[in-house]
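Undergrad:
Residue numbers (this note's numbering): 4 to 279.
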C-alpha cells in the first residue's frame, strides 16, 4: 500500500492523510510497527524538503509573470522573490528536523519490543484528575464522544491539562486514584496516558492522566527484565464510538533505498531486513 507521503498521491489528500497518521500514531497494538512508520516519515520529510525547493524555484522562474492586485509588476516580483526566500528557509529547517528524525530512527532500530512489561513497572503508576465536568458543562465533551469518538473527546478535555501544575493540584487535593473509573456505572476508555471516564446515568465526564510517583522511579541500571511496552489506546468497557476514525493500517517500510536517504539509515534498514 502507498505510504502516507506517496509522491504519486494527489496533494489535496495530504492533509487528510496526515490527520489519519496523527490518530493512528496515538498508540500501536504492536510497538514494533512504529519503526516502519518512522521510516516512512523520514522519506516523507525528504519529499517535503524537495517540494519546498521546487516551489521556490517556480516562484523565481516565473517572476516575470508576477503582479500584485493593483497591477504593479515590481511589487509582484518583490513578493515572488520573498516567497521563494521564505520557502527556502523552511526547507532548511526541514533539513535540521530530518537530522534529528534520522537519529531517532536509528535509536528505534535498536529496540527489541517484548509483549509483556517489566515486572517493576506494573504497579508504579496511578491516575491524577485533570478535569471533572458535570451537567451542562459535560454537554460538549459528551457530544464529541458520541459524534467523533473517545480520541477526539480526550483531545478536547486535554486543554485543561497544565502538566506539573495539574499534577500538583491533584496531589494536594487528594484527586489521585489507583484505577480510573471506580464509581458505579463508570465507563472508561484509555488513550495513551489519558483515561476518559464517563457516567451516562449521573451525567458527568472526567479526564485523568497516568502519573508515576517520583519515589518509585529507579535508575535504568537497576531495572530487571525486559523494557516496558508503551500501552496503546484500549477500550476498557465495551461501548462504541460512532464516527471515530478507524485505525489506519501501518504502512510497510520501503523495500528499496532512495537517493535522498542517508547511508546510515539505509544501513539500519538493511540490518533489520527492511531493504534487500
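For each residue, glycine too, the CB sits at the ideal point set by N, CA and C.
1. Measure the CB-CB distance between residue 189 and residue 202 and report whether it falls below 8 Å.
2. Under the DSSP definition of a beta bridge, which residues are partnered with residue 190?
3. In the DSSP assignment, what are the bridge partners of residue 137?
4. Consult DSSP for residue 128 and reduce its assignment to one of helix, strand or coil.
5. Secondary structure at residue 257, three-state DSSP: helix, strand or coil?
6. Would you identify the three-state DSSP class for residue 26, choosing helix, strand or coil?
7. Does the contact criterion of 3 or more C-beta pairs under 8 Å hold for the region 98 to 112 versus the region 134 to 149?
8. Whole angstroms is fine: what's the gap from residue 207's alpha carbon to residue 143's?
9. Which residues bound the alpha helix (DSSP H) around residue 46?
10. Rounded to whole angstroms, what is the Cα-Cα separation between residue 136 and residue 193?
11. Can you round the beta-carbon distance between residue 288 and residue 214 to whole angstroms, since I take them to be within the 8 Å contact cut?
12. Would you say the region 75 to 86 touches the region 18 to 34, given that touching needs at least three Cβ pairs under 8 Å?
13. Between the Cα of residue 90 and the Cα atoms of 109, 60, 128 and 175, which residue gives the shortest distance?
14. Based on the DSSP output, what are the partners of residue 80 in its beta bridges?
15. In three-state DSSP terms, what is residue 212?
16. If you follow the alpha helix (DSSP H) that residue 143 is part of, which residue opens it and which one closes it?
17. Alpha helix (DSSP H) containing residue 175: first to last residue?
18. Have a look at 52, 105 and 133 and flag the residue whose alpha-carbon is nearest the alpha-carbon of residue 212.
19. Using C-beta distances below 6 Å, list every residue in its chain close to residue 200, excluding the 5 sequence neighbours before and after it, in chain order.
20. Starting from the C-beta of residue 55, find all residues in its chain whose C-beta is less than 8 Å away, skip the five residues before and the five after it, and write them out in chain order.
21. Going by Cα to Cα distance, which pick from 204, 128 and 69 is closest to residue 187?
22. Hey, would you say residue 111 sits closer than 8 Å to residue 45, going by beta carbons?
23. How many angstroms separate the CA atom of residue 19 from the CA atom of residue 25?
24. Between 21, 37 and 197, which has its C-alpha nearest residue 156's C-alpha?
TA: According to the structure data:
1. yes
2. Answer by DSSP bridge pairing, in chain order: 201.
3. 207
4. strand
5. With a pLDDT of 40 at residue 257, under the threshold of 50, the predicted position of this residue should be treated as unreliable, though the coordinate-derived value follows. Here residue 257 sits in coil by DSSP.
6. In the structure shown, residue 26 sits in a helix (DSSP, three-state: H, G or I).
7. no
8. 11 Å
9. 36 to 64
10. 18 Å
11. Outside the displayed span of the chain (4 to 279) sits residue 288, for which this structure offers no information.
12. no
13. Among 109, 60, 128 and 175, the Cα nearest to that of residue 90 belongs to 60.
14. None; residue 80 has no bridge partner.
15. strand
16. 142 to 151
17. 167 to 176
18. 133
19. 183, 184, 189, 191 and 209
20. For residue 55, same chain residues with a beta-carbon under 8 Å away, outside a window of 5 residues either side, are 90, 91, 93, 94 and 97 in chain order.
21. It is 204 whose Cα lies nearest to the Cα of residue 187.
22. no
23. 10 Å
24. 197
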